[in-house]
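Q: In our numbering, the protein residues as written are 3 to 272. By construction, the Cβ of each residue, glycine as well, lies at the ideal position given by its N, Cα and C atoms. Here the structure is a predicted model, which is why all the values come from computation and not from measurement.
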Amino acid sequence: MPPSDPGRHRPDRDARRPGAGTRSRREAVGSAGSVNELGLPAAPPGLARPSGRASLHDTVVDRLRDMIVEGELIAGARVPERELTQRLGVSRTPLREALKVLASEGLIELLPNRGARVARLTEVDVEEMFQVMGALEGLAGELACQRVTDDELAALRALHYEMMAHHARGDLPAYFKANQAIHEGIIGAARNAVLSTTYSMLAGRIRRARYRANLSPERWDEAVAEHERILETLVKRDGTTLAWLLRQHLRNKCEVVKAALAAAASTTDA
3 MPPSDPGRHR PDRDARRPGA GTRSRREAVG SAGSVNELGL PAAPPGLARP SGRASLHDTV
63 VDRLRDMIVE GELIAGARVP ERELTQRLGV SRTPLREALK VLASEGLIEL LPNRGARVAR
123 LTEVDVEEMF QVMGALEGLA GELACQRVTD DELAALRALH YEMMAHHARG DLPAYFKANQ
183 AIHEGIIGAA RNAVLSTTYS MLAGRIRRAR YRANLSPERW DEAVAEHERI LETLVKRDGT
243 TLAWLLRQHL RNKCEVVKAA LAAAASTTDA
């Protein structure tokens with residue numbers, strides 16, 4: 003059984019209201035740029051050249067992945083290679099190499115002699131991915147409660163507060179990156195190489211569905227509340243409860259995404 007829901011610090015409700023956040027994002031963009039169909043700021047042209055250990059290849063992969071996850075490249079649509087090379091400021095070779103990586107993650111379908119298109123998600127895909135991810139994260143939570151260090155807990159707490167701040171501002175892309183860093187931090191704290199490798203193989207493919215779940219304002223608020231309990235339970239090192247919370251967290255996301263896909267299919271059929 004999950005623990006009782008203790009009182010939590012919650013950001014000001016009006017400040018967190020997703021509609022208000024979307025308006026503020028649009029106002030902030032102003033004449034400097036446009037927003038896409040999700041109400042998110044369109045990326046400026048070109049890629050900042052990577053620094054440190056990041057390679058151009060990794061930078062292109064990350065940028066394209068974000069464009070797919072955030073809905074800028076639409077499921078089922080052809081990948082506009084020429085437009086992307088101009089926008090990202092790269093040649094076709096690194097772009098096509100990046101597309102191969104994303105194809106291995108299940109985000110892109112490579113079409114022989116016809117380029118590539120963004121893979122569609124089906125309800126079956128979503129159900130199966132979340133079943134496996136729920137099992138992996140549940141096990142990771144149980145192991146992390148036994149093995150997490152104080153420094154790791156401090157880092158996860160800092161990420162949690164950062165995530166809460168993004169939520170309060172209605173900044174979904176920034177929220178999502180902090181959110182994923184928390185989940186990856188729990189996986190790392192489990193200290194199980196096989197678990198970590200298996201998780202990494204699936205993480206890229208499921209990332210788009212996880213992002214989509216937060217497009218529902220109600221679900222976004224619920225997800226934040228669930229994350230507060232996840233952190234509290236990890237601090238208590240209650241592995242059994244944390245495993246349950248993480249599995250339920252993923253199950254809730256799964257149901258929201260499946261409902262959205264069903265609604266979209268119904269609209270298309272009509």
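1. Could you pull out every residue in the same chain whose Cβ sits closer than 6 Å to the Cβ of Arg-207, ignoring the five residues on either side in sequence?
2. Counting Cβ pairs closer than 8 Å, one from the region 240-259 and one from the region 91-104, do we hit at least three?
3. Measure the C-alpha to C-alpha separation of Glu-186 and Arg-84 and round it to an integer number of angstroms.
4. So what does DSSP say about Leu-112, is it helix, strand or coil?
5. If you reduce the DSSP assignment to three classes, tell me which class Val-92 lands in.
6. Rounded to the nearest angstrom, what separates Ala-176 and His-168 at their Cα positions?
7. Counting beta carbon pairs with one atom in the region 209-225 and one in the region 64-71, are three or more of them shorter than 8 Å?
8. If you compare alpha carbons, which of Glu-111, Ile-189, Cys-256 and Arg-119 is closest to Ala-146?
9. If you compare alpha carbons, which of Ala-79, Tyr-163, Ala-191 and Asp-153 is closest to Arg-119?
10. Around the Cβ of Met-203, are there at least 16 other Cβ atoms within 10 angstroms (buried) or fewer (exposed)?
11. Do you know offhand how far Ser-57's Cα is from Arg-94's?
12. Can you tell which of Leu-141, Glu-154 and His-251 has its C-alpha closest to the C-alpha of Val-197?
13. Between which residues of its own chain and Lys-255 is the CB-CB distance below 8 Å, once the five residues before and five after are set aside?
14. Can you give the Cα-Cα distance for Leu-112 and Gln-182, rounded to whole angstroms?
15. Of all the beta strand (DSSP E) runs that stay within the bounds of the region 116-175, which reach a length of 3 or more residues?
16. Taking Ala-225 as part of the alpha helix (DSSP H), name the residues at either end of that continuous run.
17. Leaving out five residues on either side along the sequence, give the residues of the same chain with a beta carbon under 7 Å from the beta carbon of Ile-76.
A: Walking through what the data contain:
1. Contacts found: Glu-107 and Gly-108.
2. Result no; under three Cβ-Cβ pairs closer than 8 Å.
3. Linking Glu-186 to Arg-84 through their CA atoms gives a straight-line distance of about 34 Å.
4. Taken through DSSP and simplified to helix, strand or coil, Leu-112 comes out as strand.
5. The three-state secondary structure of Val-92, taken from DSSP, is coil.
6. Approximately 6 Å, taken between the alpha carbons.
7. With the cut-off at 8 Å, the region 64-71 and the region 209-225 touch.
8. Comparing Cα positions, the closest option is Ile-189.
9. Checking every option, the nearest Cα to that of Arg-119 belongs to Ala-79.
10. Flag for Met-203 reads exposed.
11. Cα atoms of Ser-57 and Arg-94: separation of roughly 16 Å, rounded to the nearest angstrom.
12. Residue identity differs from the one stated: residue 197 is Leu in this sequence, not Val. Leu-197 has its Cα closest to that of Leu-141, out of Leu-141, Glu-154 and His-251.
13. Take Lys-255, set aside five residues on each side of it, and the residues of its chain with a beta-carbon closer than 8 Å to its own are Phe-132, Ala-211, Arg-212, Ala-215, Arg-221 and Ala-225, in chain order.
14. Taking the straight line from one Cα to the other gives about 27 Å.
15. List check, beta strand (DSSP E) in window: 117-120.
16. Ala-225 -> alpha helix (DSSP H) spans 219-238.
17. So the qualifying residues of the chain are Val-120.
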